[in-house]
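A short write-up of the structure that comes next.
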Amino acid sequence: MGPAISGCVLTVKAGSLRVMATRTGSSVSTASFTDQRSAIGCLIGAWLLSVVTQGYIIVPASVLPIITSEFSVSSSTAVWIVSATPGAWAVTNFLLGAGIDRYGDVTATVAATFTVAGASILSWWAGANGLFWLLLVARVIAGAGIGVIWTASANVVGQVFTHDTRGTALGLFTTSAPAGFALAQIVTPIVARSHAWAATFLIVALCAVAALAVFGVSLRFVQRQPRETSETAIQNFSQVLQSRPVRFGCVLAFAAYSLYLFMNSWMPTYLSQNFSISLGLSGLLASLFPAVGVVSRAGGGYLSDRVLGRRRLPVIKVSFLVALPVVLLIARTSSVRLIALLLVVSGFVIQLTFGVVYTYVQESVDLDVSGTALSLLGTAGVSGAFSAPLVAGVLIDTTETYTSAFAYAAGIAVVGLVLAWFAPES
Numbered sequence: 065m066g067p068a069i070s071g072c073v074l075t076v077k078a079g080s081l082r083v084m085a086t087r088t089g090s091s092v093s094t095a096s097f098t099d100q101r102s103a104i105g106c107l108i109g110a111w112l113l114s115v116v117t118q119g120y121i122i123v124p125a126s127v128l129p130i131i132t133s134e135f136s137v138s139s140s141t142a143v144w145i146v147s148a149t150p151g152a153w154a155v156t157n158f159l160l161g162a163g164i165d166r167y168g169d170v171t172a173t174v175a176a177t178f179t180v181a182g183a184s185i186l187s188w189w190a191g192a193n194g195l196f197w198l199l200l201v202a203r204v205i206a207g208a209g210i211g212v213i214w215t216a217s218a219n220v221v222g223q224v225f226t227h228d229t230r231g232t233a234l235g236l237f238t239t240s241a242p243a244g245f246a247l248a249q250i251v252t253p254i255v256a257r258s259h260a261w262a263a264t265f266l267i268v269a270l271c272a273v274a275a276l277a278v279f280g281v282s283l284r285f286v287q288r289q290p291r292e293t294s295e296t297a298i299q300n301f302s303q304v305l306q307s308r309p310v311r312f313g314c315v316l317a318f319a320a321y322s323l324y325l326f327m328n329s330w331m332p333t334y335l336s337q338n339f340s341i342s343l344g345l346s347g348l349l350a351s352l353f354p355a356v357g358v359v360s361r362a363g364g365g366y367l368s369d370r371v372l373g374r375r376r377l378p379v380i381k382v383s384f385l386v387a388l389p390v391v392l393l394i395a396r397t398s399s400v401r402l403i404a405l406l407l408v409v410s411g412f413v414i415q416l417t418f419g420v421v422y423t424y425v426q427e428s429v430d431l432d433v434s435g436t437a438l439s440l441l442g443t444a445g446v447s448g449a450f451s452a453p454l455v456a457g458v459l460i461d462t463t464e465t466y467t468s469a470f471a472y473a474a475g476i477a478v479v480g481l482v483l484a485w486f487a488p489e490s
C-alpha cells in the first residue's frame, strides 16, 4: 500500500479546469485506486449529485399510465415528458460543453445544479396543476442542466485519478445513473399512492441542493488558479472530431443509450399491460434493469483496467453481443419470474459499456478539450436516449403491439455490435 493522497489540485490551462490528485512521497502514476483518498472523496461527491439529477430524468416513466389519464393524452404523447429531458441534454450539450472547457467544471456544476433545482420546482407545480406544456418546458430546462452536471462531473473524476485507475473510477461514477433511475422507479409510485406523483420533483429539488453541498465539501482540498484564454468552440470541436475513437465512441454511445432508455421508459407500462400486475410491482420489476448497473458499470471499468490491460473495446463487444438475444427473449417470454431474470441480465450487459466508452473517448484527446469531447459523446448518447422511447411509442401506437418496438431495439443492438468490431483502440 503506497502513501496516501494528500489532496486534489485544480489547474487551468487553455480555459479548461484541470484536476490532479497530488500525493506525498511518490509519483501519483503508481498509486493504486484505494491510495487516492482525496480523489475518492471527489468521486463520492460527484456520484451523489449525479444520482439525484439522473433520477429526475426517469421520474415520469414509472407512472406513465397515471400521466396519460390525468392529462388525457396517448402514451406516445405522454412519453414526450420522459424524452424531453434527454432531448434537451442532446441538443444543448455540445455548446454547453465548450462553456465547461472555458469556465471550468466546478463553476458549471454549481450553476447547473441550481438550474435543475429550479426546474424541478416548476415541474412539480406544472404536474400538480395539469399544465402539460409547462411541464414539458420545465423538463427541457432541467435536461440542459443535467447534461452539464454529468459532463463536468465525469471530467473531474476522469482527471483526478491516475491513468491506471481512470477506467475504474469513471465506471464507478457512471453507476450514479442506474442508481438514480432505480431509486426514482421505486420512489415515484410510492409518492403517487400517498400524494400527487409530481411531488417527487420537490424531493429532487431538495436533494439536488443538499448533494451539491456534499460535493462542495468533497472538494475542500481543491485549489483553483486563474484561467487562461481558451480556444474557440469551433477549434475544440474540430480537434476532437479528428480522433477516430471519438467518432466511433459517439455512435456506440448512441446505440447503448438507445437500448438503455427504451428499456427504462417502456418496461413499467409493458409489464403492467401484458402481465396483469400492479403499477407499483411493475415499477419495482423495471427498477431491476437500472439497479444492476451499479455493479456492471463499475465492473466494466475494472475489467478493462485490470483484466484487459486498459483495452476498452472487448467489454463493449461483449455488451452488445449478449444484449441482442436477451432483448429478443424479453419480447417472447410470458413468465414474470423469467422476465425478472432477463431484466437483470439485460441491465447488466447493456450498462457494461457506459463507463468504458467515457474512458475510451477521454483517453483519445488532450485534457484541454476533454470537456468538449465528453460533451460530444454525451450528445450522441443522449440523442439515443431521447429518440428510442419516441420511436418505440410510435411503433407501439401504429402496430398496437410491442413486437415492433422490441425489433427496433434488437436492430440497435446489431448496429452497436458491428461498430464495436471495427472500432480502433484508443
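So the sequence shown is residues 65 to 490, counted in the working numbering. The C-beta atom is built at its ideal place from N, Cα and C for all residues, glycine as well.
Smallest Cα separation from residue i: which of the options?
i	options	result
residue 312	340, 388, 483	483
residue 127	181, 474, 328, 106	328
residue 310	120, 427, 154, 116	427
residue 32	130, 308, 487, 418	Outside the displayed range of the chain (65 to 490) lies residue 32, so it cannot be described from this structure.
residue 423	368, 394, 412, 459	368
residue 252	122, 133, 308	122
residue 315	481, 185, 107, 142	481
residue 155	169, 183, 206	206
residue 487	352, 212, 307, 131	307
residue 445	430, 401, 456, 211	211
residue 228	183, 371, 478	371
residue 303	376, 430, 399	430
residue 194	401, 279, 325, 131	131
residue 383	333, 477, 137	477
residue 164	282, 202, 434	434
residue 280	106, 137, 259, 209	106
State the DSSP-derived secondary structure class of residue i, mapped to helix, strand or coil.
i	result
residue 361	helix
residue 306	coil
residue 83	Low local confidence applies: a pLDDT of 42 at residue 83 is under 50, so the model's placement there is unreliable, with the coordinate-based value given in what follows. If DSSP states are grouped into helix, strand and coil, residue 83 belongs with the strands.
residue 254	helix
residue 372	coil
residue 228	coil
residue 194	coil
residue 341	coil
residue 283	coil
residue 71	Residue confidence for residue 71 is low, a pLDDT of 40 falling below 50, so the modelled location carries little weight; the figure read from the coordinates is stated next. If DSSP states are grouped into helix, strand and coil, residue 71 belongs with the strands.
residue 428	coil
residue 397	coil
residue 137	coil
residue 188	helix
residue 383	helix
residue 110	helix
residue 488	coil
residue 356	coil
residue 239	coil
residue 260	coil
residue 275	helix
residue 351	coil
residue 211	helix
residue 475	helix
residue 151	helix
residue 105	helix
residue 119	helix
residue 244	helix
residue 168	coil
residue 482	helix
Practice prompt. Kindly confirm or deny that the stretch 169–188 and the stretch 208–225 touch, where touching means at least three C-beta pairs closer than 8 angstroms.
Written response: Touching, yes.
Worksheet item: Counting Cβ pairs closer than 8 angstroms, one from the stretch 340–353 and one from the stretch 454–473, do we hit at least three?
Response: Under the 8 angstroms Cβ criterion, the stretch 340–353 does not count as touching the stretch 454–473, having fewer than three qualifying pairs.
Worksheet item: If we count Cβ pairs, one from each stretch, closer than 8 angstroms, do we get three or more for the stretch 316–336 versus the stretch 408–418?
Response: Because the criterion of three Cβ pairs below 8 angstroms is met, the stretch 316–336 and the stretch 408–418 touch.
Discussion item. If we require 3 or more residues per run, which beta strand (DSSP E) segments fall completely within the stretch 413–468?
Written reply: List check, beta strand (DSSP E) in window: nothing returned.
Worksheet item: Taking three-plus beta-carbon pairs below 8 angstroms as touching, is the stretch 401–411 in contact with the stretch 269–283?
Response: Of all C-beta pairs linking the stretch 401–411 to the stretch 269–283, fewer than three are shorter than 8 angstroms, placing the two stretches out of contact.
Worksheet item: Quick one: any contact between the stretch 343–356 and the stretch 435–447, if contact means 3 or more CB pairs under 8 angstroms?
Response: Between the stretch 343–356 and the stretch 435–447 there are fewer than three inter-stretch CB-CB distances shorter than 8 angstroms, so the stretches are not counted as touching.
Practice prompt. Would you check if the stretch 189–197 and the stretch 253–266 touch, i.e. whether three or more CB-CB distances between them fall below 8 angstroms?
Written response: As far as the Cβ criterion goes, the stretch 253–266 touches the stretch 189–197, which means the pair count is three or higher.
Discussion item. Counting beta carbon pairs with one atom in the stretch 387–400 and one in the stretch 352–368, are three or more of them shorter than 8 angstroms?
Written reply: At 8 angstroms Cβ cutoff, the stretches do not touch.
Worksheet item: Is the stretch 233–244 touching the stretch 146–160, taking contact as three or more C-beta pairs under 8 angstroms?
Response: By the criterion of at least three beta-carbon pairs nearer than 8 angstroms, the stretch 233–244 is not in contact with the stretch 146–160.
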